[in-house]
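Working notes for the structure below.
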Amino acid sequence: MPGGLLLGDEAPNFEANTTIGRIRFHDYLGDSWGILFSHPRDFTPVCTTELGRAAKLAPEFAKRNVKMIALSIDSVEDHLAWSKDINAYNGEEPTEKLPFPIIDDKNRDLAIQLGMLDPAEKDEKGMPVTARVVFIFGPDKNLKLSILYPATTGRNFDEILRVIISLQLTAEKRVATPVDWKNGDSVMVLPTIPEEEAKKLFPKGVFTKELPSGKKYLRYTPQP
Numbered sequence: 001m002p003g004g005l006l007l008g009d010e011a012p013n014f015e016a017n018t019t020i021g022r023i024r025f026h027d028y029l030g031d032s033w034g035i036l037f038s039h040p041r042d043f044t045p046v047c048t049t050e051l052g053r054a055a056k057l058a059p060e061f062a063k064r065n066v067k068m069i070a071l072s073i074d075s076v077e078d079h080l081a082w083s084k085d086i087n088a089y090n091g092e093e094p095t096e097k098l099p100f101p102i103i104d105d106k107n108r109d110l111a112i113q114l115g116m117l118d119p120a121e122k123d124e125k126g127m128p129v130t131a132r133v134v135f136i137f138g139p140d141k142n143l144k145l146s147i148l149y150p151a152t153t154g155r156n157f158d159e160i161l162r163v164i165i166s167l168q169l170t171a172e173k174r175v176a177t178p179v180d181w182k183n184g185d186s187v188m189v190l191p192t193i194p195e196e197e198a199k200k201l202f203p204k205g206v207f208t209k210e211l212p213s214g215k216k217y218l219r220y221t222p223q224p
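Mapping of the sequence shown onto UniProt numbering: position 27 corresponds to residue 27, and the numbering continues sequentially without gaps.
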């Protein structure tokens with residue numbers, strides 16, 4: 001598993017300095033879903049495009065009750081100065097304000113605790129920098145998803161938004177989302193739900209694909 005957390009683990013309630021001041025993580029999240037995502041360094045090309053896209057999508061995350069927070073081994077001062085570049089990259093006023101805070105982890109304490117360091121990527125002093133990690137936490141503060149990318153490959157924040165929509169849907173409804181699923185597509189009925197119960201749970205209808213095995217496990221229903 002990427003990082004120092006396993007699915008279902010509770011997020012550590014760390015304190016950290018950020019671009020919006022000192023925070024305690026659980027207090028910052030409150031009752032919201034949360035995305036904690038690390039990047040290797042400020043003032044670097046791939047990271048600038050990533051946080052630029054994250055900033056563009058921030059309203060979509062916010063309307064789904066998701067709080068975002070970034071992290072790297074750079075200082076608050078660097079984060080604030082770099083934020084101007086990110087906003088300029090997005091074609092906006094080059095201000096220090098982004099729609100989410102960035103954690104100052106220049107001592108690497110959190111990166112070590114959370115297993116975020118990339119041994120293959122080092123700074124000018126030969127010290128490992130943070131990888132491209134994504135942790136998604138539910139309102140219960142438990143880890144629902146983790147992703148780890150190397151420094152050379154930028155993440156797809158549209159995919160992260162898609163995953164959030166799936167996680168929230170499947171947390172509320174007894175369904176799963178199939179390959180390449182997008183918001184509004186049909187979903188799959190869980191195989192643990194008996195046929196008669198499925199008919200009651202999904203009044204829009206349950207559609208079963210016939211298979212050579214004769215087993216009735218490929219059951220679809222319109223998204224609840």
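Glycine is no exception: its CB is placed at the ideal position from the N, C-alpha and C atoms.
In this structure the stretch 58 to 78 lies against the stretch 37 to 44, because at least three pairs of beta carbons, one per stretch, are closer than 8 Å. Ranked by how close their Cα comes to the Cα of G8, the residues K141, V163, T44 have K141 in first place.
Taking 8 Å as the cut-off, the Cβ atoms of S186 and P222 count as close. Less than 8 Å divides the Cβ of A176 from the Cβ of M188. Membership of S75 in any alpha helix (DSSP H) is not indicated, and neither H nor E is assigned to it by DSSP.
Around the CB of V134, 16 or more other CB atoms lie within 10 Å, so the residue is classed as buried. Taking 8 Å as the upper bound for CB-CB distance, F137 and W33 are in contact here, some 7 Å apart. P59 and P101 have their C-alpha atoms spaced approximately 14 Å apart. The three-state secondary structure of E93, taken from DSSP, is coil. Per DSSP, reduced to three states, the secondary structure at G52 is helical. The continuous beta strand (DSSP E) containing I35 extends over residues 33 to 38. Annotation for F157: the continuous alpha helix (DSSP H) segment containing it runs 157 to 172.
For S146, the three-state secondary structure derived from DSSP is strand. Taking C-beta separations shorter than 8 Å and ignoring five residues to either side along the sequence, the partners of G184 in its chain run Q223, following chain order. For K122, the enclosing beta strand (DSSP E) starts and ends at 117 to 122.
Under the three-state reduction of DSSP output, Y217 falls in the coil class, being neither helix nor strand. The distance from the Cβ of A54 to that of F157 is about 5 Å, consistent with a contact at the 8 Å cut-off. Rounded to whole angstroms, the separation of the alpha carbons of I86 and P94 is 8 Å.
Contact check between the stretch 104 to 121 and the stretch 145 to 155: three or more CB pairs, one atom from each, fall below 8 Å, which counts as touching.
DSSP, read as helix, strand or coil, puts V133 in strand. DSSP links E10 through a beta bridge to N142. Excluding the 5 residues flanking it on each side, A11 has same chain C-beta neighbours closer than 8 Å at L5, F25, H26, L29, G34, L36, F135, F137, K141, N142, L143, in chain order. A distance below 6 Å between beta-carbons, with the five flanking residues on each side excluded, links F207 to the following residues of its chain, in chain order: Y220. The alpha helix (DSSP H) runs of length 4 or more contained entirely in the stretch 174 to 217 are, from start to end of the chain, 195 to 201.
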